[in-house]
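For the sequence shown, the residue numbers in the numbering used here are 515 to 743. First the structure, in the form of structure tokens, and then the observations on it.
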Amino acid sequence: MHMGIFLKKTFLHSTAVLPRLQSLHGLCPAGCASCSALNGCLSCKPRLFFHLELDGIRQKGTCLSSCPQGHYGMRSPQINTCTRCKEDCAFCFSDNFCTRCHQGHFLLRGKCDNSCPNGLTANTLMQLHCEVGEWTEWGPCIRKRRMQAYRRGEETRTRQVLQSPSVFGDPCPHVSEFRRCVIKMRQSPTFFQAKRNVTNCSKILNNVVEKQPSVTAFTSVCDSAIQRL
515 MHMGIFLKKT FLHSTAVLPR LQSLHGLCPA GCASCSALNG CLSCKPRLFF HLELDGIRQK
575 GTCLSSCPQG HYGMRSPQIN TCTRCKEDCA FCFSDNFCTR CHQGHFLLRG KCDNSCPNGL
635 TANTLMQLHC EVGEWTEWGP CIRKRRMQAY RRGEETRTRQ VLQSPSVFGD PCPHVSEFRR
695 CVIKMRQSPT FFQAKRNVTN CSKILNNVVE KQPSVTAFTS VCDSAIQRL
């Protein structure tokens, strides 16, 4: 039995007698279906992977959308788990297929070895990791067709890839982000025309009041302009 699987089974069995909290009202960490105060997540929501992290001398359960570096995901009807790659393997697809070895080891057909087989020489291509630039400012808030709420939209920001990775280099992180936003109201030309009318009315009335004639002819015009705002 793989050591990682053994630890997970031991962990889940040892926490079976502890009081469980359901993932309600934010009591459990994000992604947990159930948890305990001492051991973190005990089970995960659908499609998430259960992963054990060391917290001092205690193992703590977490639920992740993808497994961390040095681990691969195993799915089953009961539980999806993250299992550690073999000791000489830095990245792997499964227990039997490595995609990158630790320094000092050589990769050949999914296996890591500390020397190249007879008849082969080491391929010492420079390893380049992806580099990205800074995020741009958030773009304008644009309404999407799929959004039914009035004045609800989406804004975007991006960043450029400055250096693409080599075959075994670290891949690029995501280069675009989206977030919900509220579309600002646009004021129509009628609004600005009515605003000018009110301003003109105020100026005319001030002049009329100074000369002391009747102002009834102008008040109706101003009232009409105000109602149009």
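Think of the CB as a built atom: it goes at the ideal place given N, C-alpha and C, for glycine as much as any other residue. On a predicted model such as this, the values are computed, not experimentally measured, just so you know.
Own chain, CB closer than 8 Å to residue i, minus 5 neighbours either side, in chain order
{"i": "V696", "result": "C655, R665, R666, G667"}
{"i": "P631", "result": "L622"}
{"i": "E651", "result": "R671"}
{"i": "D543", "result": "It should be pointed out that residue 543 corresponds to Pro in this sequence rather than to Asp. Excluding sequence neighbours, P543 sits near C549, G554, C555, T576, C577."}
{"i": "P687", "result": "C644, V646"}
{"i": "V689", "result": "V646, T672, R673, Q674, V675"}
{"i": "M699", "result": "R665"}
{"i": "G683", "result": "Q641, L642, H643, C644"}
{"i": "K658", "result": "G667, E668"}
{"i": "K600", "result": "C606, D609, C612, C626"}
{"i": "P685", "result": "C644, P679"}
{"i": "G633", "result": "none"}
{"i": "P560", "result": "none"}
Beta-carbon proximity check, residue i vs residue j, cutoff 8 Å
{"i": "Q677", "j": "L642", "result": "yes"}
{"i": "P591", "j": "C644", "result": "no"}
{"i": "T670", "j": "G647", "result": "no"}
{"i": "L562", "j": "L578", "result": "yes"}
{"i": "G554", "j": "G570", "result": "no"}
{"i": "C558", "j": "C581", "result": "no"}
Spatial neighbours of residue i in its chain, beta-carbon cut-off 6 Å, leaving aside the 5 residues before and after
{"i": "C612", "result": "C603, C606, G624, C626"}
{"i": "H539", "result": "Its pLDDT being 45, under 50, H539 is placed unreliably by the model, and the measurement read from it follows with that caveat. Correct list: empty, nothing qualifies."}
{"i": "S608", "result": "Y586"}
{"i": "F692", "result": "E668, T670"}
{"i": "M588", "result": "T595, T597"}
For residue j and residue i, believed in contact at Cβ under 8 Å, the rounded distance
{"i": "I593", "j": "F620", "result": "Rounded, the Cβ-Cβ distance is 35 Å, inconsistent with contact."}
{"i": "N610", "j": "G618", "result": "About 21 Å; that fails the 8 Å criterion."}
Cut-off 7 Å between Cβ atoms - residues of its own chain near residue i, not counting five sequence neighbours on either side
{"i": "C615", "result": "D602, C603, A604, L621, C626"}
{"i": "T635", "result": "none"}
{"i": "L568", "result": "none"}
{"i": "R694", "result": "R666, E668"}
Could you name each continuous beta strand (DSSP E) segment of 3 residues or more that falls completely within the region 652-700, going from the start of the chain to the end?
666-672, 675-677, 690-696
Every unbroken beta strand (DSSP E) within the region 548-578, with a cutoff of 3 residues, ordered by chain
554-558, 563-569, 572-578
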